[in-house]
Each structure stands twice: as C-alpha cells, then as structure tokens.
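Heads up: the sequence shown is residues 6 to 297, going by my numbering.
Here's the structure, in structure tokens; my notes come after.
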Amino acid sequence: MSFADALALSSVGILTSYHIVYQMGTLLDPKPKIHVRLPNKSVSEGQLLFFNGYYNIALLEITADFPLQLPSFGSSPNYGQEVFVLARDKESFLSARHGTIVWRDEPDLLSGNYRMFLSGQLGGCNGAPVIDHDGNVIGMSFSGRPTKLVSISTILTCIEMWMKFRRIARPIIHGLSLRSLELLDVSSREEISYSYNIDSGYIVDVVQFDSTAEKVGIRRGDVIVSFDELGVHSLPKLEDLLLSLGWEFLERGLDASTVVDFKLEVYDPIGHCTRSIILPVGFCDAKVDESE
C-alpha cells in the first residue's frame, strides 16, 4: 500500500485519515495491515486503535527505535488564514505546500459542517498536518476539490473523548441546513446588519418537512443567533460546541435514549422578532469503530 501522510501525536501514536481502512465507499474487511514510513525512512507496522468515519480520522499505534518529534498544537484555524500543508512522498521526502483557508462553508443538514476548505495547489494531501506560520499544528487536511480541513480542536476532543469513554458522542440535530452569516458577501452582511441589527449567527437554508426543527417552529430564512445561550460564529466552532455537549452526556452516564432540551435564540426576519425555541435533541455515537 502507499504510505499515508500522517501526524505523529506521540512516540507511539499516529493520527491519519480514516481512508486507510475505507476505500471506494466500503469499509475494508479484513482490515489491512498498515505500515508507516518514519522520517528516518525506516518502516514500522501500525496497530489500528480506532477509526471514526464521521470525522474521517484514524488513530494508530507504532513502535519506533528513535524519538519522534512531537508537534506543538496551535489554536483553531481561522477563515482567510495562510497555512502550510506538510506531506511526504513515497520516498519519505518532506514538502510544505502553501494554502489559504477560504471563506466558505458547506450547508449539509448539519452533517460534515466541521470541515473548512483550503485553496492552493495542494495535491492529494490526505491526513496531512496543517500548520500556521509559527509551525503549530492547527488541523489536518483531506483530499478533495477543494482540499478539506478539520480543526485540531475537533480532532483532539475526539481523541480525548475516545480515550476516556471509548465513544464519541454528539447531539443529533435532524433536518436543518445552515449557513454562517459571517461568510456571506459584504453587501449581504451590511443589509442584514442595518435591516435587522444582526451581525452574527446562522441563516436557516433548509428545514426538512416533519422534522423536529419544523415542529418547534424553525423556518427557512430564520437566523439562529445563539445555541444553548452561546454565540458561536462558524460551523466548525458549532461542531466543537456539539462535541462538548456530547462529552457532558457521556460524563453524566446518560442513557442512549435520553433527550435534552437545546435552547435556541431565533430571529424571525418576517415578524421582526426574536424567539426562544426549545429544540429537543438526542445523542448518538459519531460512528466510532475500534480495532479488535
């Protein structure tokens, strides 16, 4: 197999893409043997600890006869930020490719909204570390058109949650597709600001018929100003909020059938009023699998 680009988490931990066990839309069975080529060009066999299809991450364990350089982690990436994507070819030569986090989100019924997008000639950087100008790791890239990025804050929360609970949980919010107001063009943002006195939030693009969101009164064109009394201004940061609620769910030992109330502040641009809406949500495992 070709050697995947990967990010060393510790002397024995390697983080990479879920695609090492998932190809052409199918989970490989039996799971393949994984070999990791190290910076000194030696090869170590990797043991798959767990993988997560929703967040597209996999955690391996290896043994190495020399110390691996540990990364330093930065803060969450920002839109418009210039970054570098580190990659290695089949001969283990390191390269750094320049890119920019583009002002774009991907409304998708709150599925995959943790992703950000990169511009630049980045090639097939799948599972490669993304660093800032100070050399701090701020995320991991995934190949596609355009290249995708998941924030390091989301990745570390997933790993810490799995290490503590052997599960990754997040609220289930069915039937909503959102766009960040922050990512609209300048003229649209100005119009919304002057017309409705709203500078941040999420515009509701789609509300599925007969969904819980529709039943509690959320409509297309509404603006969600806050989630659970917190103002979060981008979909990736919203994903981190959902993960933090999942952490609380696991820590409290709640049953899988538990439903909790999610408080939303929703602005109705037609009625020119803000409403407090209680959205009942359940929790689910975000597609975690452990290697046997």
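Glycine included, C-beta positions come from ideal geometry on N, C-alpha and C.
Notebook entry, point to check: From L99, I62, L127, Q52, pick the residue whose C-alpha is nearest to that of V88; which is it?
Noted result: From the listed residues L99, I62, L127, Q52, the smallest Cα separation to V88 is found for L127.
Check: For Y272, does the count of other Cβ atoms within 10 angstroms reach 16, so buried, or fall short, so exposed?
Finding: When all chains shown are included, Y272 counts as buried.
Margin query: List, from N- to C-terminal side, the beta strand (DSSP E) runs of 3 residues or more that fit wholly inside the region 139-210.
Written below: The region 139-210 contains these whole beta strand (DSSP E) runs: 142-147, 152-156, 174-177, 181-185.
Next item on the list: Taking I157 and G58 to be in contact with their CB atoms under 8 Å, please state how far apart those CB atoms are, rounded to whole angstroms.
Entry: The Cβ separation is near 19 Å, so there is no contact.
Margin query: Can you tell me where the beta strand (DSSP E) holding T279 begins and where it ends?
Written below: Run containing T279: 278-290, per the beta strand (DSSP E) assignment.
Checklist line | Alpha carbon of L250 to alpha carbon of F98, nearest angstrom | finding: So the alpha carbons of these two residues sit roughly 41 Å apart.
Check: So, helix, strand or coil for Y272, using DSSP?
Finding: Correct three-state label for Y272: strand.
Next item on the list: Could you tell me which residues DSSP pairs with R109 in its beta bridges?
Entry: In the DSSP assignment, R109 forms no beta bridge with any residue.
Next item on the list: Tell me whether L75 is buried or exposed, calling it buried when 16 or more other Cβ atoms sit within 10 Å of its Cβ.
Entry: With fewer than 16 Cβ atoms within 10 Å of its Cβ, L75 is classed as exposed.
Next item on the list: Quickly, what does DSSP pair D266 with across the bridge? List them, please.
Entry: The partner list for D266 (beta bridge, DSSP) reads P285.
Checklist line | As assigned by DSSP and simplified to three states, the class of T21 | finding: DSSP places T21 in the strand class (E or B) of the three-state scheme.
Checklist line | Cβ contact (3+ pairs, closer than 8 Å) linking the region 213-228 and the region 260-268 | finding: No: fewer than three Cβ pairs fall under 8 Å.
Note to self: P176 and L255 - do their beta-carbons sit closer together than 9 Å?
What the structure shows: In this structure, P176 does not lie closer than 9 Å to L255 by Cβ.
Note to self: Tell me the rounded alpha-carbon separation between G149 and I106.
What the structure shows: Distance between the alpha carbons of G149 and I106 is about 14 Å.
Notebook entry, point to check: According to DSSP, is A63 helix, strand or coil?
Noted result: In the three-state reduction of the DSSP assignment, A63 falls in the strand class, which pools E and B.
Checklist line | Beta-carbon contacts of F71 that lie in its chain and below 7 Å, excluding the five residues immediately before and after | finding: Contacts found: N45.
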